[in-house]
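Colleague: Take this structure, written in structure tokens, and hold onto it; I'll ask about it next.
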Amino acid sequence: MDEFRDTAGEPVGADIDTWVRSFTRKESDSSELPPHHPNCLGCGPENPNGHFLSVRRDGDGVIAHHHFDQRHVGAPGIAHGGAVATVMDDLFGFLLYSVGELAVTRRLELDYLTPVLLDNPYILRAAVRSREGRKLHLTSTMEDAGGRSVITATALFIVVEVEHFLKSQKNPRT
Ligand SMILES: CCCCC/C=C\C/C=C\C/C=C\C/C=C\CCCC(=O)SCCNC(=O)CCNC(=O)[C@H](O)C(C)(C)COP(=O)(O)OP(=O)(O)OC[C@H]1O[C@@H](n2cnc3c(N)ncnc32)[C@H](O)[C@@H]1OP(=O)(O)O
């Protein structure tokens, strides 16, 4: 791959290339799925401001057990809707390990059926509903321990080439 440089002349392509190539090493029999990136806001283990989402394969889809904490408060005791959307978006991103192609969120829609409570355990599931060319139609749910649906979400992800990420590297240090 050609070397890409940022506006300051620093090479950036190698890092992105390494990141993208790393996905091809992650197909395994294990149902545990690796984080998208060590610093990913949704699942990165090295992002202290992140959600540390941990996701497993579940049949053709994915599943996660998750709880929100005081860092994600909106109204007292209730998770901020944007924090919930972050987690659902990231959950959808784990379906890409099964799709086997890079894709990004074009549309994300959530129904907040009941408040998501802090420090409460939830079960999150997502699956690919259908695919039309580059368009991946995705669906997910978040349930409480009693099996009650608290969130439903759908998303449209668009399959992209690695160049999508390379051309976005204007400021690789952030
Ligand atoms: C090799 C192994 C791979 C394993 C991969 C594993 C892991 C992850 C890999 C990558 C993902 C990276 C990290 C994941 C991290 C977290 C997960 C969360 C994901 C995100 O956090 S990601 C960030 C937020 N995301 C963006 O930063 C996107 C910004 N955006 C764009 O960069 C462009 O917008 C783009 C490229 C998306 C599309 O641009 P474009 O020009 O290529 O495509 P275009 O506009 O033509 O749309 C194409 C077709 O979608 C139809 N369409 C459009 N909108 C529609 C709608 N609302 N309803 C119905 N249809 C719709 C059109 O009508 C057309 O349809 P048709 O093809 O039939 O004409």
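Our numbering puts the last residue of the sequence shown at 1048; the count rises by one with no breaks.
The beta-carbon is built from N, C-alpha and C at its ideal position, and this holds for glycine as well.
Predicted model only: the values in this text are computed from it and were never measured.
1) Which runs of the alpha helix (DSSP H) spanning at least 4 residues fall entirely within the segment 929 to 987, listed in chain order?
2) Hey, quick one: how far does the alpha helix (DSSP H) through Glu906 stretch, first residue to last?
3) Checking 8 Å against the spacing of the C-beta atoms, do Val1033 and Ala957 come in under that value?
4) Quick check on this structure: which residue in His940, Phe1031, Leu969 has the alpha carbon closest to the alpha carbon of Ser928?
5) Taking 8 Å as the cut-off, decide whether the C-beta atoms of Arg999 and Ile937 are in contact.
6) Starting from the C-beta of Asp932, find all residues in its chain whose C-beta is less than 8 Å away, skip the five residues before and the five after it, and write them out in chain order.
7) Helix, strand or coil, according to DSSP, for Val1036 in the structure here?
8) Are the CB atoms of Arg980 and Phe926 within a distance shorter than 8 Å?
9) Between the segment 996 to 1014 and the segment 1036 to 1045, do three or more beta carbon pairs fall short of 8 Å?
10) Tell me the residue span of the beta strand (DSSP E) that contains Ala1001.
11) DSSP has Phe1031 in a bridge; who is on the other side?
12) Would you decide whether Thr1015 is buried or exposed? Buried here means 16 or more other CB atoms lie within 10 Å of its CB.
13) Alpha carbons only, please: which of Ala1001, Val1036, Glu983 is nearest the one belonging to Phe1080?
14) How many Å lie between Thr1026 and Met962 at the Cα?
15) Hey, would you say the C-beta of Leu970 is under 7 Å away from at least one heavy atom of ligand 1?
Modeller: Here's the rundown:
1) Within the segment 929 to 987, the complete alpha helix (DSSP H) runs of at least 4 residues are 955 to 968, 970 to 973.
2) For the purposes of this step, residue 906 is identified with residue 32 of the sequence shown, where counting begins at 1. Note, Glu906: premise wrong, no alpha helix (DSSP H); not H, not E.
3) Translated into the one-based positions of the sequence shown, residue 1033 becomes position 159. Translated into the one-based positions of the sequence shown, residue 957 becomes position 83. Not in contact: Val1033 and Ala957 (Cβ atoms no closer than 8 Å).
4) The residue you call residue 928 lines up with position 54 of the sequence shown. Cα-wise, what sits closest to Ser928 is His940.
5) Counting from 1 along the sequence shown, the entry for residue 999 is found at position 125. Counting from 1 along the sequence shown, the entry for residue 937 is found at position 63. Yes, Cβ-Cβ distance for Arg999 and Ile937 is below 8 Å.
6) Counting from one through the sequence shown, the residue named residue 932 turns up at place 58. Its chain contains Ser905, Arg999 as the residues whose beta carbon lies nearer than 8 Å to that of Asp932, once the 5 sequence neighbours on both sides are disregarded; these appear in chain order.
7) Residue mapping note: residue 1036 aligns to position 162 of the sequence shown, counting from 1. Reduced to three states, the DSSP call for Val1036 is coil.
8) As a working mapping, residue 926 is identified with position 52 in the sequence shown. As a working mapping, residue 980 is identified with position 106 in the sequence shown. Cβ distance not < 8 Å, so Phe926 and Arg980 don't count as in contact.
9) Contact between the segment 996 to 1014 and the segment 1036 to 1045 is not established, with fewer than three Cβ pairs separated by less than 8 Å.
10) Position 127 of the sequence shown, counting from 1, holds the residue named residue 1001. For Ala1001, the enclosing beta strand (DSSP E) stretches over residues 996 to 1006.
11) The sequence position of residue 1031 within the sequence shown is 157, counting from 1. Per DSSP, Thr979, Leu1010.
12) For the purposes of this step, residue 1015 is taken as residue 141 along the sequence shown, with counting starting at 1. It counts as buried.
13) The requested residue 1080 is not part of the displayed model; the chain covers only 875 to 1048.
14) Numbered from 1 along the sequence shown, position 152 holds the residue referred to as residue 1026. Numbered from 1 along the sequence shown, position 88 holds the residue referred to as residue 962. Per the coordinates, the alpha-carbon of Thr1026 lies some 9 Å from the alpha-carbon of Met962.
15) As a working mapping, residue 970 is identified with position 96 in the sequence shown. Flag set: Cβ of Leu970 near ligand 1.
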